[in-house]
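As structure tokens, the structure follows; a few thoughts come after it.
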Amino acid sequence: QVQLQESGPGLVKPSQTLSLTCMISGGSISGGGYYWSWIRQHPGTGLEWIGYIFDTGNTHYNPSLQSRLTFTLDRSKNQFSLKLSSVTAADTAVYFCARGSYRSSLVPFDLWGRGTLVTVSS
Amino acid sequence: DIVMTQTPLSLSVTPGQPASISCKSSQSLLYTDGKTYLSWYLHKPGQAPQLLIYEVSNRFSGVPDRFSGGGSGTDFTLKISRVEAEDVGVYYCMQSIELYTFGQGTKLEIK
């Protein structure tokens, strides 16, 4: 059974870079036909898509965050990562990683992690 | 940006009774390939969110058949034929025709 698990520091100082990793267990990040996303939920509000990285390494970011984002994929560790620079309190949120599939049909976010809370504060 | 609007924002249902959630998009979700890119998710307390329905009415693997999705264009509905205690949580609709945006969420509680 494939599972996703987010990890990273729970507290980041303003202006610093937020770094998160999503570990994939029970399956391979290089299995083909998948794309890997980050989604966040600000306290008390709805979900916001951050971006995705294909298993080929191609990326697509939310335009509102694009200038601050970098996604990477590490096949040797079976994980993918997010870096968000110059964070402010507005980046405080629960961050989820999720998988999408484009195998037989396009199925968005068919598997999610439980999420990790990141607080931006000095 | 496509705006997704869900109603109601909260729902209290007696077990065994039906429930329905509406989702409206600010523009049509019908793509040129003939498919409509609207999905439904459930986020149960303390768990990872889960996919219920994709392309309006396709039930994802393992999802009970008491869940069904319908609609077209800009108006969509998720129906639960007989609510069970395990269905509590927050339900989200999401469009994926133009990047991804989610509805505000509908919290379902058991009476």
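Heads up: the sequence lines are chains H and W, in that order.
Sequential numbering from 1 applies to the first sequence in our numbering.
Sequential numbering from 123 applies to the second sequence in our numbering.
Glycine is no exception: its CB is placed at the ideal position from the N, C-alpha and C atoms.
Here the structure is a predicted model, which means the values were calculated and not measured.
ask   = Is it true that the stretch 136-151 of chain W meets the stretch 66-84 of chain H, where meeting means three or more beta-carbon pairs spaced less than 8 Å apart?
value = Too few Cβ pairs lie closer than 8 Å, so no.
query = Would you report the Cα separation of S183 (chain W) and Y176 (chain W), rounded to the nearest angstrom?
reply = If you number the second sequence from 1, residue 183 (chain W) lands on position 61. If you number the second sequence from 1, residue 176 (chain W) lands on position 54. Pairing S183 (chain W) with Y176 (chain W), the inter-Cα distance amounts to about 11 Å.
ask   = If contact means a Cβ-Cβ distance below 9 Å, which residues of the stretch 183-207 of chain W contact chain H?
value = Along the stretch 183-207 of chain W, going in chain order, the ones with a CB nearer than 9 Å to a CB of chain H are S183.
Extent of the continuous beta strand (DSSP E) run through K13 (chain H) = In the first sequence, counting from the first residue as 1, residue 13 (chain H) sits at position 13. Note, K13 (chain H): premise wrong, no beta strand (DSSP E); not H, not E.
message = Between the stretch 91-102 of chain H and the stretch 36-50 of chain H, can you find at least three pairs of beta-carbon atoms closer than 8 Å?
response = By the Cβ rule, the stretch 36-50 of chain H counts as touching the stretch 91-102 of chain H, because three or more pairs are nearer than 8 Å.
ask   = Roughly how many angstroms lie between the CA atoms of Q1 (chain H) and Y102 (chain H), to the nearest whole one?
value = Here residue 1 (chain H) corresponds to residue number 1 of the first sequence, with the count starting at 1. Here residue 102 (chain H) corresponds to residue number 102 of the first sequence, with the count starting at 1. Those two C-alpha atoms are separated by around 19 Å.
query = How would you list, in chain order, the residues of chain H whose beta-carbon sits under 9 Å from the beta-carbon of Q226 (chain W)?
reply = As a position in the second sequence, residue 226 (chain W) is number 104, starting the count at 1. Those within 9 Å of Q226 (chain W) in chain H are T45, G46.
key: Where S37 (chain H) sits in the DSSP three-state scheme   = Stepping through the first sequence from its first residue, residue 37 (chain H) is reached at position 37. S37 (chain H) falls in the strand class under three-state DSSP.
message = So, at 7 Å on beta carbons, what are the nonlocal neighbours of I202 (chain W) in its own chain, with the 5 sequence-adjacent residues on each side left out?
response = In the second sequence, counting from the first residue as 1, residue 202 (chain W) sits at position 80. Excluding sequence positions up to five before and after I202 (chain W), its CB lies within less than 7 Å of the CB of P140, A141, R188, F189, D209, all in the same chain and listed in chain order.
ask   = Ends of the beta strand (DSSP E) at E231 (chain W)?
value = Looking up residue 231 (chain W) in the second sequence gives position 109. Note, E231 (chain W): beta strand (DSSP E), 228-232.
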